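Participant: The structure is given below, and queries will be raised subsequently.
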Amino acid sequence: MRIDPARLIDAIADCMIENMQELTELDAAIGDADHGLNMRKGGEALRADMAAFKAASLPQALQLAGNILATTVGGAAGPLYGSLLMTMGKSIGPDPDLGEVGKALVAGVEAMERLGKVEAGQKTMLDVWKPVSRLVAREGATVQSVRALAHEAAVATIPMEARRGRASYLGERSRGHMDPGARSSELLILAVIDALEFEQ
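Start counting at 1 in the sequence shown, then tack on 76, and there's your number in my numbering.
Now the structure itself:
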């Protein structure tokens, strides 16, 4: 698997910018309506540093992108996405196979889990990243199975009661809405898959 770091980061930036409206609307229902705007800021910050990504190896690009997101995306999402990418960058080689990608993703998700002091079932982005990372790390995972699981996991947050973040203040009223972080996670996973498929 050949991964072009600049194309990968460009796909992530596009995703963060283009889905601002949907993420804003989701966050308006159970949060403070800023997730879409914050994600767009992060995407624009990535885009602004694209020259550096073009000159970087995959590990360098992931660490740089993580640092940018940690410092530009507001709320809990910035540090969590930043931790995911920075940890992956430290855990992966410049030309990884799918097994290495899976191991690096698991390490990144574990870093998110520690930083956010969050666990699966609390209606957060971890409800998507945790099962997806486990699937990617298993032998035999397919593009179709990862796509399907990312979607199913995001949808599964709809009936959950939020236990973390601003949505947790709503208690039972947080049920019936998809977690905006779970949706942005699904969208990012799909964007990355498309970028990687292009490179295969």
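Idealized CB from N, CA, C, for every residue including glycine. Since the structure is predicted, the reported quantities are computational estimates derived from the model, not experimental observations.
Using alpha carbons as the reference points, say which of G150, K179, D203 lies closest to E189.
Facilitator: As a working mapping, residue 189 is identified with position 113 in the sequence shown. Residue D203 is the option with its Cα nearest to E189.
Participant: Please confirm if the segment 118-128 is in contact with the segment 163-172, defined as three or more CB-CB distances below 8 Å between the two stretches.
Facilitator: The segment 118-128, when compared against the segment 163-172, does not touch it at the 8 Å Cβ threshold.
Participant: Buried or exposed for Q220, please, with buried defined as at least 16 other CB atoms from any protein chain shown within 10 angstroms of its CB.
Facilitator: For this step, residue 220 is matched to residue 144 along the sequence shown. Q220 comes out exposed.
Participant: Leaving out five residues on either side along the sequence, give the residues of the same chain with a beta carbon under 7 Å from the beta carbon of M92.
Facilitator: On the sequence shown, residue 92 is found 16 positions in, with the first residue counted as 1. Taken in chain order, the residues that qualify are M115, R116, G118, G119.
Participant: How many Å lie between A141 and A121 at the Cα?
Facilitator: If you number the sequence shown from 1, residue 141 lands on position 65. If you number the sequence shown from 1, residue 121 lands on position 45. Cα to Cα, the separation comes out at about 9 Å.
Participant: M164 and L134 - do their beta-carbons sit closer together than 7 Å?
Facilitator: Taking the first residue of the sequence shown as position 1, residue 134 is located at position 58. Taking the first residue of the sequence shown as position 1, residue 164 is located at position 88. Not a contact, by the Cβ cut-off of 7 Å.
Participant: Exposed or buried, what is G252 when buried is set at 16 or more other beta-carbons lying within 10 Å of its beta-carbon?
Facilitator: Here residue 252 is taken as the residue at index 176 of the sequence shown, counted from 1. By the neighbour-count rule (16 or more Cβ atoms within 10 Å), G252 is not buried but exposed.
Participant: Sorted by chain position, which residues of the same chain lie with C-beta nearer than 8 Å to Q136's C-beta, five sequence neighbours on each side aside?
Facilitator: Sequence index remark: in the sequence shown, residue 136 carries index 60 (1-based). The residues are P81, G165.
Participant: According to DSSP, is Q276 part of a helix, a strand, or is it coil?
Facilitator: For the purposes of this step, residue 276 is taken as the residue at position 200 of the sequence shown. Bear in mind that the predicted position of Q276 carries a pLDDT of just 47, short of 50, making it unreliable; the figure below should be weighed with that in mind. In the structure shown, Q276 sits in coil (DSSP, three-state: anything other than H, G, I, E or B).
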